[in-house]
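This report refers to the structure that appears directly beneath it.
Residue numbers (mature numbering (1 follows the signal peptide of the UniProt record, and there is no 0)): -25 to -1, 1 to 196.
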């Protein structure tokens, strides 16, 4: 689950996660791009201050934007985002339910055709939470392996992520990076990064503390 280096430049993809985006010609620009480690390419936020972003957070942001493009019927934008996700092997985790990428692919058409072979990349879960509703799950993380969990959402909700280890100690707490209908993204903490001392199963809790419904994407890398 360690970060990997990919070909391409992330400067175009960075704003997709952390800042407001222009819709013009963005779909095509995304099509052939891949995630680049922050160690080699610092990304910029709305304020133009250097930001570092994990591959999991990058994927979570793109998944939320793909969801928005699908809902808006923006085929060009959806095609570009979907191609970028596939280039980096982002896929639904086993047992994660209905894969939204299948519906996205159908709408995007041949322009977002699957790559040959299968890359190993971040896995994700997704779902919906009503105000006050919670989701509880678990994930096994392995000893000595750097791990990242990232969360993004669409809607007016306020999602809280909490990860607890087998000793009932809180490893990380975060708020989701919200993507609105206007494709604005709030620049704030949205991922948890840790290296377990030994292999164990962690409990993962999501809670919607906001006034509206939320569509969330939880990414593991």
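Even for Gly, the Cβ is constructed at its ideal location relative to N, Cα and C.
Since the structure is predicted, the reported quantities are computational estimates derived from the model, not experimental observations.
Taking the DSSP output, what are the residues bridged to residue i?
{"i": "residue 113", "result": "178"}
{"i": "residue 166", "result": "125"}
{"i": "residue 146", "result": "Partner(s): none; residue 146 has no beta bridge."}
{"i": "residue 189", "result": "104, 130"}
{"i": "residue 138", "result": "147, 179"}
{"i": "residue 197", "result": "As displayed, the chain neither begins before -25 nor continues past 196, which places residue 197 out of reach and without an answer."}
{"i": "residue 194", "result": "99, 125"}
Could you tell me the distance, in whole angstroms, from the CA atom of residue i to the CA atom of residue j?
{"i": "residue 185", "j": "residue 147", "result": "20 Å"}
{"i": "residue -4", "j": "residue 40", "result": "Confidence at residue -4 is low in this model, with a pLDDT of 29, below 50, so the placement of that residue should be treated as unreliable; the coordinate-derived value is given next. One C-alpha to the other measures close to 12 Å."}
{"i": "residue 187", "j": "residue 38", "result": "20 Å"}
{"i": "residue 190", "j": "residue 129", "result": "5 Å"}
{"i": "residue 85", "j": "residue 58", "result": "11 Å"}
{"i": "residue 138", "j": "residue 170", "result": "13 Å"}
{"i": "residue 29", "j": "residue 121", "result": "12 Å"}
{"i": "residue 70", "j": "residue 117", "result": "20 Å"}
{"i": "residue 95", "j": "residue 68", "result": "12 Å"}
{"i": "residue 173", "j": "residue 151", "result": "27 Å"}
{"i": "residue 46", "j": "residue 82", "result": "10 Å"}
{"i": "residue 49", "j": "residue 77", "result": "16 Å"}
{"i": "residue 193", "j": "residue 142", "result": "23 Å"}
{"i": "residue 183", "j": "residue 115", "result": "24 Å"}
{"i": "residue 55", "j": "residue 31", "result": "18 Å"}
{"i": "residue 36", "j": "residue 145", "result": "24 Å"}
{"i": "residue 119", "j": "residue 110", "result": "27 Å"}
{"i": "residue 34", "j": "residue 61", "result": "10 Å"}
{"i": "residue 140", "j": "residue 127", "result": "22 Å"}
{"i": "residue 51", "j": "residue 75", "result": "17 Å"}
{"i": "residue 104", "j": "residue 43", "result": "17 Å"}
{"i": "residue 73", "j": "residue 168", "result": "27 Å"}
{"i": "residue 63", "j": "residue 108", "result": "32 Å"}
{"i": "residue 22", "j": "residue 178", "result": "Its pLDDT being 24, under 50, residue 22 is placed unreliably by the model, and the measurement read from it follows with that caveat. Roughly 35 Å between the two C-alpha positions."}
Please state if the CB of residue j and the CB of residue i are separated by a distance shorter than 7 Å.
{"i": "residue 79", "j": "residue 53", "result": "yes"}
{"i": "residue 65", "j": "residue 97", "result": "yes"}
{"i": "residue 176", "j": "residue 113", "result": "yes"}
{"i": "residue 196", "j": "residue 131", "result": "no"}
Check the C-beta distance from residue i over to residue j and give it rounded, since I have them as a contact under 8 Å.
{"i": "residue 149", "j": "residue 136", "result": "5 Å"}
{"i": "residue 166", "j": "residue 125", "result": "4 Å"}
Query raised in the report: In chain order, which alpha helix (DSSP H) runs of at least 4 residues are fully inside the region 30 to 66?
Result: 30 to 47, 50 to 62, all fully within the region 30 to 66.
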